[in-house]
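Asks: Residue numbers (full-length UniProt numbering), protein chains in the order written: chain A, 1 to 771; chain B, 1 to 771.
I have a structure I would like to understand better, so I am pasting it below and will then ask my questions one at a time.
There are 2 protein chains.
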Amino acid sequence: MQWVKVLGGVVGAAALLGLGIIVGHFAIPKGADSPAPSASASQDLDLKILETVIEQLDANRIRENLRELSKEPHLATTPRDEALVQLLLQRWQDPESGLDSARTTEYEVLLSFPSGEQPNRVAVVNSTGAILFSCRHSEENLTGEQGGPNVVPPYAAYAPPGTPQGPLVYANQGSEEDFKELQNKGVKLQDSIVLTRYGGVGRGAKAVNAAKYGVAGVLVYTDPKDINDGKSLPNETFPHSWCLPPSGVERGSYFEYFGDPLTPYLPATPSSFRLNSDNASGFPPIPIQPIGFEDAQVLLCNLGGNLAPADWQGGLGCDYNLGPGFRSNGIFPEDGQVNVSVHNRLELRNSSNVLGIIRGAVEPDRYVLYGNHRDSWVHGAVDPSTGTAVLLELSRVLGTLLKKGTWRPRRSIVFASWGAEEFGLIGSTEFTEVSEPRSWALEGIPGAGRAGLTWSGRLQEFFRKLQERAVAYINVDISVFANASLRVQGTPPIQSVVFSAAKQISAPGSSGLSIYDNWIRYYNRSSSVYGLVPSVGTLGAGSDYAPFIHFLGISSMDIAYTYDRSKTSARIYPTYHTAFDTFDYVDKFLDPGFSSHQAVARTAGSVLLRLSDSLFLPLNVSDYSETLRSFLQAAEDLRVLLEQHSISLGPLVTAVERFEGAATVFNQRIATLREGTPDPLQVRMINDQLMLLERTFLNSQAFPEERYYSHVLWAPRTGSVATFPGLSNAYSQAKNTGHEPAAWAEVQRQLSIVVAALEGAAATLRPVADL
Amino acid sequence: MQWVKVLGGVVGAAALLGLGIIVGHFAIPKGADSPAPSASASQDLDLKILETVIEQLDANRIRENLRELSKEPHLATTPRDEALVQLLLQRWQDPESGLDSARTTEYEVLLSFPSGEQPNRVAVVNSTGAILFSCRHSEENLTGEQGGPNVVPPYAAYAPPGTPQGPLVYANQGSEEDFKELQNKGVKLQDSIVLTRYGGVGRGAKAVNAAKYGVAGVLVYTDPKDINDGKSLPNETFPHSWCLPPSGVERGSYFEYFGDPLTPYLPATPSSFRLNSDNASGFPPIPIQPIGFEDAQVLLCNLGGNLAPADWQGGLGCDYNLGPGFRSNGIFPEDGQVNVSVHNRLELRNSSNVLGIIRGAVEPDRYVLYGNHRDSWVHGAVDPSTGTAVLLELSRVLGTLLKKGTWRPRRSIVFASWGAEEFGLIGSTEFTEVSEPRSWALEGIPGAGRAGLTWSGRLQEFFRKLQERAVAYINVDISVFANASLRVQGTPPIQSVVFSAAKQISAPGSSGLSIYDNWIRYYNRSSSVYGLVPSVGTLGAGSDYAPFIHFLGISSMDIAYTYDRSKTSARIYPTYHTAFDTFDYVDKFLDPGFSSHQAVARTAGSVLLRLSDSLFLPLNVSDYSETLRSFLQAAEDLRVLLEQHSISLGPLVTAVERFEGAATVFNQRIATLREGTPDPLQVRMINDQLMLLERTFLNSQAFPEERYYSHVLWAPRTGSVATFPGLSNAYSQAKNTGHEPAAWAEVQRQLSIVVAALEGAAATLRPVADL
């Protein structure tokens, strides 16, 4: 198939690059970090420039970007993905609107694809093995875009090959509780095939949970109740509405970690140490395959056994039974079985990130990062191209000001287009690892990059540089889910800068409200400090911010426009990860006129400029106090049982108080400095404290079993109590084991880790000369 | 006994402190880090101040410091140790010659002491159990100082209690090879007691190795051949010469790691998570007890069995046989056995560090650290008081200039007196861990500290602050081993600043040479860059620099005056860790006149001032290139076998070249900037690169089994090839296992880790705007 050819081409290019690297190695870097002559070390954010940027961000240009980006499928490492790499380079090297420099960095990473020769197959067979029914191999060609040769058939990336067969069981969302319930009801799971709905737990978890009960294979589908507010008929779904058509199938990665599966903690360079893929962990243990609800209906509505519980029922227009096996009066024989044939293959592929840099005038060694992934499952108009379309428009506006000589930021700005996010945040994660020896630089000499004249070999390392120098990371992946309201996820220090930006910009539509005032109508909370404010969500691991916040401790955020939740309960926009996520889908249903795109561009652009140009970094460390208070309050529910095991919450209470006190005093110091005329080194010292606060919450010893997670406030929480995740999880574990001393010792260890982190955070905010 | 009382007192004090902390929590820190008004951000090192400091460092004051410090035994956490804490606080709070502030930080750590009621005992018994001979319980009272109640009897700290008995075997130094050789010779080791000499391997390793062969107990002694250049008679040893008297016994810690044994990676606060001491690792597995060579002679010269190999023979004036058991014509029956009774106890004790701070005028958030431990085994005149005497004189001279208003450093200076070093670098290691909630501040208001008026509760955290802000760590533990030459251990970037300092100061004695020119006569190497230069040694884990370099990646050094190796082959100064290490020993034999002490004070003082006051940090990153080259050269010896296992050295070669290139270009940039008038932020950015280079060599994933070690260049090397330690060790392991694929995979992993670190180091030296 195609893949082999592509690989060959990339290897050839790599050899040329290797030569370039050797040649370039001896080139002395240009004096690229001397400040521009006019830069003043005391210059603050220029509000006129900010206004200019906001005005120039153009909805129609975003629309045109989106049309170009989504005109063909661009699955990671395919030719179209590589073509988009070139498109980004070209834009960022444009003599009129480009950046100072742009380059790609390449990694050799393990991806998973369906076999070209043997399609994955889901079929109902009778007792002699004859096929009675087959699920579709691909989505229906409704708009002419679903039938192309580059549309990857639906599959579960990283699911192992295999051809399990067995009686069918309905397992709801495939959570641990769901399987426990089936077991309690006496439904035989051993050697069965289970059908599950998307939602509730992660993709991979459905297979992991199933395997524990001896299940042989898993199917997963999207229920109309969960995605279409119940709509399921062809004439009420896309292209007639934004709803998911019956044949639509959500693709996705079923890998349980993030980053390249073979090189955890090491950059996936060609010469790097690699795990043997048999030893790599995090892949689904049994075959799993996604199908559309059209096919799921045939299977589920013919299932026998007892009626499933009320909250397991869905929108397929029939009663959902549990199985095992088919009902007596259905279209299949009662002993009919489901056969799942998965032929996925693991392949090492070259995936590129593209980086575009604007050199800071005063503090070039401080980086404000702004990124999104480039790769999609199919056309990926919404995911990720609504984000990339915004990214390109924002970099165009800033690049134009830069090239005209009107503006240069105080700090460096780094734009990034990540590769292979859909397979597990691979490009962004490799970027944060220790080093990366296959990259090259394209200096910003007009035209020279395209002429191939100035490619200079340059090795880059990011882990330490980012740890020492990164101010914040802004992620705009899907920029528009819907048109109702801004939606921001992030760590507390970014709340204030987002609020400032959102207050200054008008919301789309005729309300006359600012983005902030519109936002507060849809998503709000009552803050003990500020009263009613928009609610900023927490960061999980759903997009490329994950390695930045969890592994590197860089204050991060994700910005988008989203739903009116009173109007839809869709789990996500309905065509997510299907072949129906196309330009027309966005243009007709998601954001006609592109005003929500523009609103996101303006908000994210304003945040970016504030972070790069403000004299004092606009991060408010005091806003962590509310989070810590709420975690502490939740921890109070644990007090009785903790004390029974001689574990005191006292040190935690003290630590939270100390943080609050230190943050308050620190903010007072900034206010006092602002009133005077602080010298540049004083400002730098304060900004270093602001920048590095988030790092103080990292502890690489905290979660030895969680790859990359080391942020003691935002690591995954499985315990039910909404407190510090390590404490919550260990407590939950200890409670389940009863009086196991080792489990309670782990609770004490986790508590000590949190206390140490909070004390540490407070200490770094104190006057620096106090040590 | 005494200990219980002391503990009670400390607990009471802690309660008061707790109150103080609560009170002080609400006090807003004084604006302690605003630069002094006269400070100029472009001010460079003032050579006149430097000369003044060097001149004012007074040999006689150092002598008087030493007399006071060593007048009584000050074992960690004993009353005299606490009294010295007060002495240090008093000096550093002196209104005429003190620092800006001083305070203590306290940890609750696990120490090991001999039982007060049941002395440890080593005896020869006959077959009925009757005692035929007993080793001394304490050293002979030769100068009136060995008989005091506070002289701790000789013991092996952390050796488990037990009373093993068995036939005696001589096991040389107790190395793995030694035991293998005994086994090869058919000497029965099971259930034996082995007698070993100090040297060759670490203390604890002797017991670890012995236990693998079923040995029941271990004795260890210091052979006159190894310590006294053969001398062993009472009239040729102390107090008649510097040699070790026959009854002298080296005490020491037998703990295999460093830091508090119960709280690895966590600060040893009272509320911290603690391992159960039964689960703690790193303690000797079997009882072990040190004895003097007077007693060892009785045992060893009566041993039976075959003659030990030539290089196992020593200076006790008889043939050393191997055993097992006694010879037929000796003073013991052939079936006489040795009974070892060890009654050591583990105890949680409060140990203090003392910190004294001079606030930086321009960059208070950059710390130059200078430290030594305070605790000794007995009087500890040499170890550690020769270092502390210098520390106090240096802080007096700088404090005086400070209080007079003559001088304030550009960066902050932190003086430290560590507690419980002798038990395993405990005070310094806890200081580097994540947080430390039992400390308090004593502001530098004249007299107020002593009056108890300004104690303000203050929690401190050091790990992150040090990681982000520490420029370098200077350790001066034993400052004078002997009078011949300077001796410096450190990482390459500190070579140049030490050379600059040493060139400027006259060596003691009448040679007229500088310290540098004298040094080069004794210890030198041929550098490919500089020609013949003094050789700077590497840093192991012998003193408090270990956590700074290995755990935190802070450029570190250890400075002392030392031997003419052509005149003595003593393993260390002879009374090391014995009750004969007294003031008179130093005053009469080690450094009469204290000119070597003064030389060390001047050298270390000059280095400290250069690091704190130079505009550009005087760290030369290019000096790492020579080390990397030599490691690479050594790695070439592995090439053939590596390639047989498909492991290429190519990426390593490239990485070393890249580092060299980046360091050279970086130094050129500094030179160019120096010629102009760089603005303060440009200097700061360069200095950040200089300061943080050493951090780039850390990888917390590199050595999962080595507690705290994460520096990929200086972790312990057990492999025989003098290359990168991880590579050397993994190679050696893989070679021994033959063709075990997992072992060769580990070689590739270690190689990838080194390559990533070097690429990373090179990248952080490149122009910062390049990302």
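Ideal Cβ placement from N, Cα and C applies to all residues, glycine included.
1) Tell me which residue opens and which closes the beta strand (DSSP E) that TRP407 of chain A is part of.
2) In chain B, what lies closer than 7 Å to LYS403 of chain A by C-beta?
3) Relative to chain B, which residues along the segment 350 to 365 of chain A have a C-beta separation below 8 Å, given in chain order?
4) On the DSSP letters alone, give me the boundaries of the alpha helix (DSSP H) that residue 786 of chain B sits inside.
5) Kindly indicate if chain B contains any beta-carbon less than 7 Å away from that of ARG464 of chain A.
6) In the DSSP assignment, find the alpha helix (DSSP H) that holds LEU608 of chain B and state where it starts and stops.
7) Give, in chain order, every unbroken run of the beta strand (DSSP E) that is at least 3 residues long and sits entirely within the segment 262 to 338 of chain B.
8) Going along the segment 543 to 559 of chain A in order, which residues come within less than 7 Å of chain B, judged by CB to CB distance?
9) Exposed or buried, what is GLN183 of chain A when buried is set at 16 or more other beta-carbons lying within 10 Å of its beta-carbon?
10) With DSSP run on the structure shown, which of helix, strand or coil describes LEU713 of chain B?
11) Could you tell me the boundaries of the beta strand (DSSP E) in which ALA472 of chain A lies?
12) Compute the Euclidean distance between the alpha carbons of LEU299 of chain B and LEU322 of chain B, then round it to the nearest angstrom.
13) For PRO29 of chain B, count the other beta carbons within 10 Å of its own beta carbon; 16 or more makes it buried, fewer makes it exposed. Which is it?
14) Is SER543 of chain A close to the ligand GDP? I mean its beta-carbon at under 6 Å from any heavy atom of the ligand.
15) Does the beta-carbon distance from SER352 of chain B to GLU108 of chain B come in below 7 Å?
16) Report the neighbours of GLN701 of chain A on chain B: residues whose CB is nearer than 7 Å to its CB, in chain order.
17) Around the Cβ of GLN2 of chain A, are there at least 16 other Cβ atoms within 10 angstroms (buried) or fewer (exposed)?
18) Please list the segments of the beta strand (DSSP E) lying wholly inside the segment 354 to 386 of chain A, counting only runs of 3 or more residues, in order along the chain.
19) Tell me, please, which residues DSSP counts as bridged to GLN165 of chain B.
20) For VAL529 of chain A and ASN483 of chain A, what's the separation of their Cα atoms in angstroms?
21) For LEU47 of chain A, count neighbouring Cβ atoms within 10 angstroms of its own Cβ and tell me buried if that reaches 16, exposed if not.
22) Which runs of the alpha helix (DSSP H) spanning at least 4 residues fall entirely within the segment 112 to 186 of chain B, listed in chain order?
23) With distances taken between CB atoms, is the gap from PRO290 of chain A to VAL249 of chain A smaller than 7 Å?
24) Consider the Cβ of THR764 of chain A: report whether some Cβ of chain B lies at a distance smaller than 7 Å.
25) Taking the C-alpha atoms as reference points, what is the distance between SER625 of chain A and THR538 of chain B?
26) Here's the rule I'm using: 16 or more other beta-carbon atoms within 10 Å means buried, otherwise exposed. How should residue 786 of chain A be labelled?
27) Tell me the rounded alpha-carbon separation between LYS403 of chain A and ARG197 of chain A.
28) For a cutoff of 7 Å on Cβ pairs, would you count ARG749 of chain B as touching chain A?
29) Indicate whether at least one CB of chain A lies closer than 7 Å to the CB of SER412 of chain B.
30) ALA59 of chain B and SER595 of chain B: beta carbons closer than 7 Å?
31) I want to verify the contact list: residues of chain B whose CB lies under 9 Å from the CB of PRO493 of chain A, in sequence order.
32) For CYS318 of chain B, which residues from the same chain have a beta carbon less than 6 Å from its beta carbon, with the 5 sequence-adjacent residues on both sides left out?
33) Inspect the CB distances between the segment 279 to 289 of chain A and the segment 197 to 217 of chain A and report whether three or more fall short of 8 Å.
34) I'd like the list of long-range same chain contacts for ILE520 of chain A, defined as Cβ closer than 6 Å, with 5 residues on each side in sequence excluded.
35) So what does DSSP say about SER101 of chain B, is it helix, strand or coil?
36) So, are the CB atoms of GLY387 of chain B and VAL476 of chain B less than 7 Å apart?
Replies: On the basis of the data shown:
1) Looking at the DSSP string, TRP407 of chain A is not in any beta strand (DSSP E), and its letter there is neither H nor E.
2) What LYS403 of chain A touches in chain B: nothing, since even the nearest Cβ is about 17 Å away.
3) Legend: CB atoms of the segment 350 to 365 of chain A lying less than 8 Å from CB atoms of chain B belong to residues LEU355, ILE357, ARG359, GLY360, VAL362, GLU363, PRO364 and ASP365.
4) The first residue shown for chain B is 1 and the last is 771, placing residue 786 of chain B beyond what the model contains.
5) Yes - at least one Cβ of chain B is within 7 Å of the one on ARG464 of chain A.
6) Residues 595 to 613.
7) Fully enclosed beta strand (DSSP E) runs of 3 or longer: 288 to 291.
8) Of all residues in the segment 543 to 559 of chain A, none has a Cβ within less than 7 Å of some Cβ in chain B.
9) When all chains shown are included, GLN183 of chain A counts as exposed.
10) Looking at LEU713 of chain B - three-state DSSP - the assignment turns out to be coil, as it is neither helix nor strand.
11) Where ALA472 of chain A is concerned, the enclosing beta strand (DSSP E) stretches over 470 to 475.
12) Distance from the CA atom of LEU299 of chain B to the CA atom of LEU322 of chain B, rounded to whole angstroms, is 11 Å.
13) Because PRO29 of chain B sits at a pLDDT of 37, beneath the cut-off of 50, its placement in the model cannot be relied upon, and the following sentence gives the value as read from the coordinates. For PRO29 of chain B, the number of other beta carbons within 10 angstroms of its own is at least 16, and it is reported as buried.
14) Absence of the ligand GDP from the depicted structure is noted, as is the absence of any ligand whatsoever, leaving it without description.
15) No, these two residues do not count as a Cβ contact at 7 Å.
16) Result: TYR265.
17) Note that GLN2 of chain A scores a pLDDT of 31, beneath 50, so its modelled location is shaky; the value from the coordinates is reported in the next line. In the assembly as shown, GLN2 of chain A is an exposed residue. Its beta-carbon has fewer than 16 other beta-carbons within 10 Å.
18) DSSP runs (the beta strand (DSSP E)) wholly in the segment 354 to 386 of chain A: 363 to 373.
19) For GLN165 of chain B, which the question treats as bridged, DSSP gives the partners B:ASN339.
20) Cα to Cα, VAL529 of chain A sits roughly 29 Å from ASN483 of chain A.
21) Within 10 angstroms of the beta-carbon of LEU47 of chain A lie fewer than 16 other beta-carbons, which makes it exposed.
22) Within the segment 112 to 186 of chain B, the complete alpha helix (DSSP H) runs of at least 4 residues are 176 to 184.
23) Contact: yes.
24) Interface residue (Cβ-Cβ distance to chain B less than 7 Å): THR764 of chain A is classified as such.
25) In a straight line, the C-alpha of SER625 of chain A is about 45 Å away from that of THR538 of chain B.
26) There is no way to answer for residue 786 of chain A, as the model of chain A reaches only from 1 to 771.
27) So the two alpha carbons sit approximately 51 Å from each other.
28) It does; some Cβ of chain A falls within 7 Å.
29) Residue contact with chain A for SER412 of chain B: present (Cβ-Cβ distance below 7 Å to some residue of chain A).
30) Closer than 7 Å, so yes.
31) Simply none; closest approach about 16 Å.
32) Once the five neighbours on either side are set aside, the close Cβ partners of CYS318 of chain B are CYS301.
33) Output reads yes: the segment 197 to 217 of chain A touches the segment 279 to 289 of chain A.
34) Beyond the five residues adjoining it in sequence on each side, ILE520 of chain A comes within less than 6 Å, by CB distance, of PRO534 in the same chain, given in chain order.
35) SER101 of chain B carries a strand assignment under DSSP once its states are collapsed to helix, strand and coil.
36) For GLY387 of chain B and VAL476 of chain B, yes; Cβs fall inside 7 Å.
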